[in-house]
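Please read the structure below before turning to the comments.
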Amino acid sequence: MASSLVQRSLTSSCSVAFGTRRFLPHLFRAAACRFFSRSMAADSATASGPFRKVQIQRDDTTFDAYVAGKDNAPGIVVLQEWWGVDFEIKNHALHIAQMNPGYRTLIPDLYRGKLGLDAAEAQHLMEGLDWQGAVKDIRASVNWLKSTGSSKVGVTGYCMGGALSIASGVLVPEADAVVAFYGVPPPQLADPSLAKAPIQAHFGELDNIVGFSDISAAKALEEKLKSSGVPYEVYIYPGCAHAFMNASPDGIKRRKEMGMTDDDPAAVELAWSRFSSWMGRYLLSP
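Counting in UniProt numbering, the sequence shown runs from 1 upward without gaps.
Set out below in structure tokens:
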């Protein structure tokens, strides 16, 4: 596996206080330039291809979501990173939809159409997110899939979405399984020791977002899950930094511009294999 250390710190600390709109302040501060992230117009064009845009109602609000995969297949809600519904989260959703024997994936637009085109914008969007409202969006998404043909539904997510995935395992009783990538919710949002759904979680050894997705966070999560009584698995990938699953050419370029120079296709393949086994166990069985 890649052994190069991340040259730029992703964050100096992890401060989480959802009530005061602060979450991972200064995350990826080293990324000062505007990235090549796709415009919303380009992403909308992608949505008209393999994705079908739907609207989901919850409480007194409606939000957009993007669906791909086989009708009536088991469903998986796929949760965005702090960038929003961009090219990379769509790559992940398509990859999952195409897994054998196939899933129906749904990406809820937690930012309501907004995208972070650089790190400052992404941080601003994440800090302004109504996190309790996002959990309600996720629950509505799970129930939409179940009401439209998916007998079982899992939840997965990356970074911000990873933390929300674990929160869903605690707060969304309709979720049948969770796979989280490099993100742990703070206790103000959800306590993993109260998880009700089986949870699998993946972290990079070189991830240095302290308290959120570094090794200390991974081990603390594992201890919480031990006391929950639900089935769980926690994996740490040697030589991998944050967001190591972003393996598309654009995703790799963006990671390198942010100082994450690790590149380990074998780790990505292994993580996907474990993901497939976990979701298959809980979503494909009668």
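Where a beta carbon is used, it is the ideal one built from N, C-alpha and C, also for glycine.
Model, not experiment: these values are computed from the prediction.
Straight-line gap, residue i to residue j (C-alpha atoms, nearest Å)
i	j	result
A201	T61	31 Å
F181	N246	11 Å
W144	A73	13 Å
V184	D263	23 Å
S165	K114	21 Å
R191	E174	Rather than Arg, the amino acid found at residue 191 in this sequence is Asp. If you take the alpha carbons of D191 and E174, they lie about 17 Å apart.
A140	L189	18 Å
A134	P238	32 Å
P286	M279	13 Å
S248	H95	11 Å
S276	M99	8 Å
W131	R255	25 Å
T105	E127	26 Å
F250	S213	Checking the displayed sequence, the identity of residue 250 turns out to be Asp instead of Phe. Using only the alpha carbons, I get a separation of about 23 Å.
Check whether residue i and residue j have beta carbons under 8 Å apart
i	j	result
residue 300	G154	The shown model of the chain, from 1 to 286, leaves out residue 300, and the question about it has no answer.
A271	M260	no
G75	Y103	yes
K146	D59	no
E81	M160	yes
Presumed contact (8 Å Cβ cut-off) between residue i and residue j, rounded CB distance
i	j	result
S273	S227	Going by Cβ atoms, the distance from S273 to S227 rounds to 28 Å, so no, they are not a contact pair.
V178	I199	5 Å
Residue i, DSSP secondary structure in three states
i	result
P53	Before going on, a small fix: residue 53 reads as Lys here, not Pro. In this structure, K53 counts as strand in the three-state DSSP scheme.
D118	strand
P218	Note that residue 218 is Ala in the sequence shown here, rather than Pro. Three-state result, A218: helix.
G84	coil
A42	Below a pLDDT of 50, predicted positions are generally treated as unreliable, and A42, at 37, falls in that range; no measurement from the model is reported.
P286	coil
residue 359	Residue 359 cannot be examined here, being either before or after the span of the chain that is shown, 1 to 286.
Contact test: residue i Cβ vs the ligand PLP heavy atom, cutoff 7 Å
i	result
L106	Looking at this structure, you won't find the ligand PLP or any other ligand, since it has none at all.
Limits of the beta strand (DSSP E) - the one that residue i falls within
i	result
E88	Segment F87 to A97 is the alpha helix (DSSP H) holding E88; no beta strand (DSSP E) there.
D64	T61 to G69
G157	V153 to Y158
For residue i, the first and last residue of its enclosing alpha helix (DSSP H)
i	result
I199	No alpha helix (DSSP H) contains I199, which is instead part of the beta strand (DSSP E) from I199 to G204.
residue 292	The requested residue 292 is not part of the displayed model; the chain covers only 1 to 286.
Y282	P265 to L283
E257	P249 to E257
A134	W131 to S147
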